[in-house]
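Student: One structure coming up, written as C-alpha cells, with questions to follow.
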Amino acid sequence: MTSTPLQTSHPADLTPPPSGASTPQSSSGIRRFLASAERRRVLYAFAAAIALFAIGEIVRPGFGSFAGIRAVLVVASFVGLVAAGQFFVILIGGIDLSVPWVLNAAAILVVTSSLGRNAWAVPAGLLTLAMGTMIGALNGVGVGVAVLGVPAVVMTLAMNGILEGLTGGLTCSSCAAYAPPVIQAAVHHPFFGIPAVLFFWAIVIAVVSVVLSLTTFGRATYAIGSNPRASFLAGLPVRAITIGLYALSGFFSALAGITLVGFGGQAALGMGDPYLFQSIAAVVIGGVYILGGRGHYIGVVAGSISLVALVSVLMAVDMPEYGRNIIYGVVILVLLLLYGREAPEA
Amino acid sequence: MPPDPAITVAGRPFRRPRWKLLLAQNVGLALAVVMLILSLVIYCVIYVAAQHRLPGNFELTSTVNTTMPLAFASIAQTIVVLTRGIDLSVGGVVDLSNAVAAVKLGDSLGSEILWSLVVLVIGATCGLVNGLLVTLGRLQPILVTLATLSIYQGIAIRVLPQPGGQIPQNYTDAFASITGPWSLLYVIIVGVLWWAFRRSSLGVGVFAIGNDETAASANGVAVRRARILAYVLGGVFSAISGLFLAASATAGDATTGNTYTLTSIVAAVLGGVSLFGGRGNGVGAILGAFISTMIVNILFFAHINPLYQSFYEGLFLVLAVVLVGSVGRLMRKAM
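These protein sequence lines map, in sequence, to chains A and B. Take 1 as the starting number for the first sequence in the UniProt record's numbering and just add one per residue. Take 1 as the starting number for the second sequence in the UniProt record's numbering and just add one per residue.
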C-alpha cells in the first residue's frame with residue numbers, strides 16, 4: 001500500500017477527519033487546516049446547514065429550537081444512511097441509481113419476513129441486509145468486471161428496474177404490513193431526549209470515517225478513485241474493491257430501508273423514490289468530487305442535514321410544491337457554483 | 001489494430017472492404033437494427049398466438065404514436081451524451097413544454113405555429129442554461145442537470161398545476177394521427193437532419209469532444225461553443241418530445257414527462273450510443289426507443305403480470321449492453 005505514489009498527493013491521510021479538528025488553537029493552525037480545498041468544502045457544507053437553521057428560526061420561530069433541530073436531524077439520518085452508500089461508489093467515480101428500489105425492497109422484505117413479530121425481527125433484519133449487500137455486489141460485478149463492462153449508470157438503473165419488478169410482483173398484499181415493534185423502538189426510543197436512530201447514525205459516521213481514513217481498504221478506495229489505472233498497475237485489487245464498494249452501497253440502502261420502516265411503521269411501494277436524487281445531492285453538497293477520489297463522509301453528513309433543513313424551511317413557510325422544486329434546484333446550483341467547480345483549464 | 005499503411009497485398013496498399021469498415025463503425029446501430037427486427041418478429045408471433053391474426057394498422061399506429069415522444073427525448077439525450085455528458089433534465093424540459101402546449105395552444109393555425117415555436121425557444125433556453133453552467137460554470141453535467149431538472153419541473157407545475165388543458169384536434173392529427181403511422185415521416189426527417197448534423201462542423205465538433213477534448217481543442221474545434229450548442233439542441237429536441245407527448249395525449253400533464261429522463265438513457269443505450277461519449281447515432285437512438293416500446297408490447301401480449309414489467313425491462317437492458325459490448329469487441333478482434 002505504501003508504495004502507491006498517489007497517496008502522497010492525497011491530503012486526507014495527514015490528519016484525522018476534520019470533525020475533530022474544527023477548532024484549531026492558533027491562526028496558523030486554521031490556515032493550515034483550510035489549505036486543503038477538500039476540508040474547506042466540508043466546512044462550507046456545515047456553514048450552509050447552520051445558515052439554513054438560522055433562516056428557519058427567523059421565518060418560523062422554534063425552527064432552530066432543540067425539538068426543531070432534532071426533527072430535522074432524524075429525517076437527515078435516513079438521507080445520510082443512503083448517502084453513505086452513494087458516497088462509497090461516487091468515491092471511485094461510480095454512481096448507484098438502484099438506491100430507490102433496494103431501499104424499498106428492503107423495507108418490504110423486513111416487514112414481510114418478520115411477519116411483524118418481535119421474535120423474528122433480528123433474522124429478518126439480517127436477511128434484509130444480506131439481500132441488499134448481495135444486490136449491491138451484483139451491481140459491482142456488472143460494473144467492475146471488464147468482460148461485462150457495463151457503465152455504472154446502466155447497470156444500476158437496470159438493477160433498479162429489476163428490483164422494482166420483483167418487489168411489485170412478489171409482494172403479497174395480505175402479508176404483514178407493520179414493522180416489528182422492536183425495530184420501531186430501535187429507531188424511536190429516546191436516550192436523554194434524543195432518538196436512538198441519531199446515536200446509531202453517529203456510530204455509522206465514526207465507522208465510515210475510520211474505515212476510509214485509517215484502513216488499507218479506505219486508502220485503496222481513494223487511490224482507485226484518483227486513478228484506477230495507476231492503482232491497478234500498483235497492484236491494488238481494483239475489481240474486488242469495486243465489487244465491495246457497490247456491495248456496501250446496497251448494504252446501506254437496505255439499512256436505510258429498515259430504519260425508515262421502523263420510523264414510519266409501515267412499508268409502501270415507492271417510498272424509496274425521493275432518496276435517489278437526495279442521496280446524490282447530499283454527497284455533492286458535502287464537497288465530494290463526483291468523478292471520484294476526493295471527499296469525506298463528514299461532509300456528506302453536513303450535506304444531508306443542509307438538504308433536509310432546506311426542505312423543512314421551505315415547508316415551514318408554506319411554499320407550494322413548484323416553489324420548493326425551483327428553490328431546491330437553485331440552492332444546489334448556487335452551492336455548486338460556490339465550491340463545487342472544476343479547476344479552470346490551464 | 002490500427003491500419004498499418006506499410007502492409008501491402010499483391011503490390012497494393014492493404015485496404016479493408018468498405019462494408020467492413022462501415023459495419024465496424026456502426027456496430028451499435030447494426031445491433032439495434034437486429035434487436036428491433038427480432039423484437040418485431042417475436043411480437044408478431046405472440047400477437048398471432050393471442051389474437052389469431054396479424055397486427056394491423058391500428059397496432060402499428062398506436063405503437064408509433066406512443067414511441068414518438070421517447071424517440072425525440074432519446075435524440076436529445078444522445079446529442080448530450082456524445083459530448084461525454086449526460087442530461088438528467090430531459091424529463092423536466094418535456095414536462096415544461098408539455099405544460100405550456102396544453103395551456104397555450106389555441107384553435108387557430110397561427111396560434112399553434114406561434115406557440116409551438118415559443119415552446120421550442122423555451123426548450124433551447126433550458127438547454128442553453130445547462131450548457132452555460134457546464135462550460136462557463138465548470139460544473140459536472142450530471143450535477144447541473146440534476147439541479148435544473150428540479151427547477152424545470154417546478155416551473156412546469158407552476159404553468160399547469162393540475163393535469164388538463166386542451167390540445168386542438170388538428171394538432172393531434174398532425175403529430176399523432178390515429179388514422180395511420182404517418183408520424184414515421186418525422187422519423188425520416190430526423191434521419192436526414194442527423195445525416196446533415198453529422199457532417200456539419202458542429203456535429204464533427206460534438207463527436208470530437210466526446211472522443212478526446214484536448215485533441216479536439218488542439219485541432220481547432222471551438223470546444224465551448226460546440227458543447228453549449230449540443231445542450232441547446234438537446235433542449236430543443238426535449239421540447240419537441242413534449243409537443244408530441246401533448247399531441248398524442250390530447251391534454252397536458254406537468255409530471256408525465258418525468259420518466260423520460262431515465263427512459264431516454266435506456267433508449268439511447270439500446271440504440272448503440274456509448275455513455276462514454278463520442279460514439280452513437282441519432283437514428284440508433286430512435287431505433288432504441290422503438291425497441292423499448294416493442295418490449296412493453298411483447299410483455300403485454302405475453303400476458304406477463306404488468307407488475308413484473310420493469311423486471312424484464314431491466315434484465316433486457318443489462319443483457320443488451322453486455323451483448324453489444326462483447327459483439328463490438330469480437331468484431332474489432334476479428335478485423
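For each residue, glycine too, the CB sits at the ideal point set by N, CA and C. Just so it is clear, the structure is predicted and the values come from calculations on it, not from any experiment.
For Tyr246(A), which option in Tyr322(A), Ile55(A), Pro181(A) and Phe87(A) has the closest C-alpha, if you only look at C-alpha atoms?
Tutor: Phe87(A)
Student: If you measure beta-carbon to beta-carbon, which residues of the segment 144–172 of chain B are closer than 9 Å to chain A?
Tutor: Val144, Leu146, Ala147, Thr148, Leu149, Ser150, Ile151, Tyr152, Gln153, Gly154, Ile155, Ala156, Ile157, Arg158, Val159 and Pro161
Student: Is the distance from the Cβ of Gly271(B) to the Cβ of Gly288(B) below 8 Å?
Tutor: yes
Student: So Gly131(B) and Val232(B) are supposed to be a Cβ contact under 8 Å. How far apart are they, rounded?
Tutor: Sure, about 6 Å apart at Cβ, within 8 Å.
Student: With 16 other CB atoms within 10 Å as the buried threshold, where does Thr23(A) fall?
Tutor: Unreliable placement is indicated for Thr23(A), whose pLDDT of 46 sits below 50; the coordinate value is still reported in the next sentence. Label assigned to Thr23(A): exposed.
Student: Quickly, what does DSSP pair Phe191(A) with across the bridge? List them, please.
Tutor: Answer is Ile194(A).
Student: Counting only C-beta atoms, is Ser264(B) closer than 8 Å to chain A at any point?
Tutor: Closer than 8 Å: no.
Student: Starting from Trp172(B), trace the alpha helix (DSSP H) in both directions and tell me its first and last residue.
Tutor: Inspection of the sequence shows that residue 172(B) is occupied by Thr rather than by Trp. Looking at the DSSP string, the run of the alpha helix (DSSP H) that includes Thr172(B) is Gln169 to Phe175.
Student: Going by the CB atoms, is the gap between Gly292(A) and Ala106(A) shorter than 8 Å?
Tutor: no
Student: Excluding sequence positions up to five away, which residues of its chain have a Cβ less than 8 Å from the Cβ of Ala220(A)?
Tutor: Met1, Ser231, Leu236, Pro237 and Ile241
Student: Does Arg341(A) have its Cβ less than 8 Å from a Cβ in chain B?
Tutor: Yes, Arg341(A) counts as interfacial toward chain B.
Student: So, at 6 Å on beta carbons, what are the nonlocal neighbours of Arg224(B) in its own chain, with the 5 sequence-adjacent residues on each side left out?
Tutor: Thr135
Student: Flag this pair as yes or no: are the beta carbons of Gly80(A) and Asp96(A) separated by less than 8 Å?
Tutor: No, the Cβ-Cβ distance between Gly80(A) and Asp96(A) is not below 8 Å.
Student: Taking 8 Å as the threshold (beta carbon to beta carbon), is Ile241(A) in contact with chain B?
Tutor: no
Student: Whose CA, out of Phe217(A), Gly262(A), Pro181(A) and Trp201(A), lies closest to the CA of Ser77(A)?
Tutor: Trp201(A)
Student: In whole angstroms, what is the alpha-carbon distance linking Gly93(A) and Ile178(B)?
Tutor: Each residue's alpha carbon lies about 46 Å from the other.
Student: List in chain order: all unbroken beta strand (DSSP E) runs of 3+ residues lying wholly within the segment 285–327 of chain B.
Tutor: none
Student: When you check each C-beta in the segment 327–340 of chain A against every C-beta of chain B, which residues fall closer than 7 Å?
Tutor: Tyr328, Gly329, Val330, Ile332, Leu333, Leu336, Leu337 and Gly340
Student: Please name the residue or residues paired with Gln266(A) in a DSSP beta bridge.
Tutor: According to DSSP, Gln266(A) bridges with Tyr178(A).
Student: Give a yes or no on contact between the segment 196–210 of chain B and the segment 135–151 of chain B, applying the rule of three or more CB pairs nearer than 8 Å.
Tutor: No: the two stretches stay apart, fewer than three of their Cβ pairs being nearer than 8 Å.
Student: Is the beta carbon of Gly286(A) closer than 8 Å to that of Ala45(A)?
Tutor: yes
Student: In the segment 301–322 of chain B, which residues sit with their C-beta less than 7 Å from some C-beta in chain A, listed in chain order?
Tutor: Result list: Asn305, Leu307, Tyr308, Gln309, Ser310, Phe311, Tyr312, Glu313, Gly314, Leu315, Leu317, Val318, Val321 and Val322.
Student: Strictly by DSSP, which residues pair up with Gly210(B)?
Tutor: Within the DSSP secondary-structure output, Gly210(B) pairs in no beta bridge.
Student: What in chain B is Cβ-close to Ile280(A), meaning under 9 Å?
Tutor: Ile142, Leu143 and Leu146
Student: For the segment 114–138 of chain B, which residues have a beta carbon sitting closer than 8 Å to at least one beta carbon of chain A?
Tutor: Leu133, Gly137 and Arg138
Student: Using 10 angstroms around the beta-carbon of Ala21(A), count the other beta-carbons present and answer buried if the total reaches 16, otherwise exposed.
Tutor: Low per-residue confidence applies at Ala21(A): pLDDT is 42, beneath 50, and the placement is therefore not dependable enough to give any value.
Student: Suppose you measure from the CA of Thr255(B) to the CA of Pro306(B); what does that come to, to the nearest Å?
Tutor: Between Thr255(B) and Pro306(B), the C-alpha separation is close to 21 Å.
Student: Return helix, strand or coil for Gly323(A), following the three-state DSSP convention.
Tutor: helix
Student: Step through the CB atoms of chain B and report whether any lies within less than 8 Å of the CB of Asn160(A).
Tutor: Output row for Asn160(A): interface = yes.
Student: Can you list, in chain order, the residues of its chain whose CB lies under 6 Å from that of Thr133(A), leaving out five sequence neighbours each side?
Tutor: Cβ neighbours of Thr133(A) within its own chain (closer than 6 Å, five residues either side excluded): Ala247, Gly250 and Phe251.
Student: Taking Cβ-Cβ distances shorter than 7 Å, what residues in chain A pair up with Val269(B)?
Tutor: Val154
Student: Determine the closest residue to Arg84(B) out of Leu275(B), Ala124(B) and Leu29(B), with distance taken between C-alpha atoms.
Tutor: Leu275(B)
Student: If distances are taken between C-alpha atoms only, which option among Asn57(B), Val236(B) and Arg53(B) comes closest to Val119(B)?
Tutor: The option with the nearest alpha carbon to Val119(B) is Val236(B).
Student: Could you check if Ser98(A) is buried or exposed, using at least 16 other CB atoms within 10 Å of its CB as the buried criterion?
Tutor: buried
Student: Ala156(B) and Asp107(B) - do their beta-carbons sit closer together than 8 Å?
Tutor: No, these two residues do not count as a Cβ contact at 8 Å.
Student: Can you check whether the C-beta of Leu82(B) is within less than 8 Å of a C-beta belonging to chain A?
Tutor: Under the Cβ criterion of 8 Å, Leu82(B) is not counted among the residues facing chain A.
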